[in-house]
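Let me begin by presenting the structure, written as structure tokens, before commenting on it.
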Ligand code: UGA
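Numbering (the numbering used here), first residue to last: 17 to 533.
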């Protein structure tokens, strides 16, 4: 039930729409908090009662820098509220942002749209006055057109006088921009925030993409993003399908850049070249640029891997699968990097990993996140555990999620003496700052063997070597396992009699690392 507005409040809302956010995961919770921070009244809904209780109490259910402080500050202003009631958000909102997840289908590569369809199916019959529904979820091209049809069919505001005359809707309480819609309309507004930088990316995105079907929808979106647009952020106004494609194309391009440099790492390993120097030299060419050219153990997370697979699946359905066939190769290159870490480690430990005590640094798919979905770190930990090694995974914030995703290894939140003591090797898989600051001279005496694999190129290799460690990093000269040529790189003396190529062959693991998380 909404309370009647005072005239001054109503006047303010003619320019400032009331916002709702549907789904309070990474995207939704961040969007809700940041839009309140930008001055809007925001009501966010989720079907998960416990999540709503935690958010209402000022607690973020996942790790994201700066977000909890902003949540608490905006709860205190009264501008930000949370609910489990779709009726409440339908009555409240002029612009409804749909932020639910679109994970990979359980039995295939396509996107699972069940959460999205359920959210729209639940909201649409409750929309009795003009408003804009805005899809932010990452979806296959063509999804927005389907959702627009669902709204046209199910939303009562599209079947009453309110649909024909926006002024009726305004009288019923819509903001000016929403009333001009004349009914319920859809827009697609893909989100480009990165986990770990979600707040900054939302408050000051590098671009806004508006997929709309009418000038009124564009007007309502501009009103909803007015403080962002006022900062000079570029706005690209387009149709639904192009807006949908911008997101999947962007993530595919980023994945391609990462796999490109990792493919170069493979070649570097064959000729004893240095992929880090190669990447640096490439980055000075402004046409190439240096971002997302960091080689290592490859990309993971809840977005890049599933998005390139869903994009291929959709292209197949559209009859243009051949155009995106290369994305299959991007995925393969990415998965090979996980195997490569296992090979390097086995070679450094006399060809066998069984019964070795291994310390894995990192569980999250990247630093500043507790997200372990498709995490390369956990996938490698799993591969190592399957060889019979005793694996302990250390991560500052992700062990809670990691335990559920991969219960077969041990966990610790800190690199304590007891965790390190007697270990045969350290494997760095997530480049947390804390790991880069570790003191190799302090850790060395605690180890049974001083072997470190720096799979993210986050450590100072010279410092570790000076402290007596065998330091190996994929794609760098000391990390090469030459095929058919003698070993050129430092291995512990006891391993020197085993040609690395044979070791690598003996410890070969399946080409596809299992999906975890
Ligand atoms: C990615 C995109 O960067 C965002 O723009 C997009 O909004 C988001 O997906 C999404 O679709 O929601 P995110 O998944 O948070 O964001 O993570 P990224 O920063 O893109 O990193 C992805 C993976 O690539 C990580 O595992 C990271 O370690 C790896 N990576 C990144 C590299 O291996 N090398 C690099 O040079 C950069």
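Ideal Cβ positions, reconstructed from N, Cα and C, are used throughout, including at glycine.
What span of residues does the beta strand (DSSP E) with residue i cover, start to end?
i	result
residue 147	147-151
residue 201	200-204
residue 375	373-377
residue 14	Only positions 17 to 533 of the chain appear in the structure, and residue 14 is not among them; the question remains open.
residue 136	Unbroken run through residue 136 is the alpha helix (DSSP H), 130-139; no beta strand (DSSP E).
residue 469	467-470
residue 540	No statement about residue 540 is possible, as the shown extent of the chain runs from 17 to 533 and does not include it.
residue 155	Where residue 155 is concerned, there is no enclosing beta strand (DSSP E), given that its DSSP letter is neither H nor E.
residue 225	224-227
residue 208	No beta strand (DSSP E) holds residue 208; DSSP gives it neither H nor E.
residue 488	486-488
residue 112	111-114
Would residue i pass as a contact of residue j if the rule is Cβ separation under 8 Å?
i	j	result
residue 38	residue 135	yes
residue 149	residue 114	yes
residue 240	residue 396	no
residue 299	residue 349	no
residue 190	residue 145	yes
residue 424	residue 379	no
residue 393	residue 467	no
residue 373	residue 438	yes
residue 206	residue 152	yes
residue 194	residue 170	no
residue 326	residue 173	no
residue 444	residue 405	no
residue 354	residue 399	yes
residue 157	residue 234	no
residue 264	residue 323	yes
residue 208	residue 266	yes
residue 335	residue 328	no
At what residues does the alpha helix (DSSP H) containing residue i begin and finish?
i	result
residue 56	Here residue 56 belongs to no alpha helix (DSSP H), and DSSP marks it neither H nor E.
residue 235	231-240
residue 72	65-72
residue 35	It is not in any alpha helix (DSSP H) - residue 35 instead sits in the beta strand (DSSP E) that spans 35-38.
residue 76	Where residue 76 is concerned, there is no enclosing alpha helix (DSSP H), given that its DSSP letter is neither H nor E.
residue 277	256-287
residue 97	First-last for residue 97: 96-99, but that is the beta strand (DSSP E), not the alpha helix (DSSP H).
residue 327	320-333
residue 451	449-452
residue 87	83-93
residue 215	214-219
residue 294	291-299
residue 315	Careful: residue 315 lies outside any alpha helix (DSSP H) and carries neither H nor E.
residue 308	No alpha helix (DSSP H) contains residue 308, which DSSP labels as neither H nor E.
residue 481	477-482
residue 106	102-108
residue 458	456-459
residue 192	192-195
Looking only at C-alpha atoms, which of the options sits nearest to residue i?
i	options	result
residue 472	314, 147, 237	314
residue 213	252, 206, 222	222
residue 231	341, 202, 492	202
residue 102	84, 61, 83, 132	61
residue 59	456, 257, 154, 95	95
residue 10	281, 492, 327, 70	For residue 10 there is no data in the structure shown, the boundaries of the chain being 17 and 533.
residue 390	141, 119, 143, 465	119
residue 307	277, 403, 342, 400	277
residue 317	426, 430, 385	385
residue 215	454, 493, 42, 164	42
residue 161	256, 108, 251, 88	256
residue 279	418, 44, 491, 64	491
residue 64	376, 45, 268	45
residue 98	79, 75, 85	75
residue 51	78, 83, 475	83
residue 251	271, 262, 226	226
residue 422	72, 432, 430, 409	409
residue 16	57, 375, 68, 283	The question about residue 16 has no answer here: the residues shown for the chain are numbered 17 through 533.
residue 220	211, 244, 431, 235	244
residue 415	72, 388, 478	388
residue 204	465, 192, 224	224
residue 351	34, 337, 320	320
residue 430	411, 33, 35	411
residue 361	344, 338, 407	407
residue 381	343, 448, 196	448
Can you check the region 400-444 for any alpha helix (DSSP H) of at least 4 residues that lies completely inside it and give the ranges in chain order?
415-421, 433-436
Quick one: complete alpha helix (DSSP H) runs, 4+ long, within the region 337-402?
342-364, 392-402
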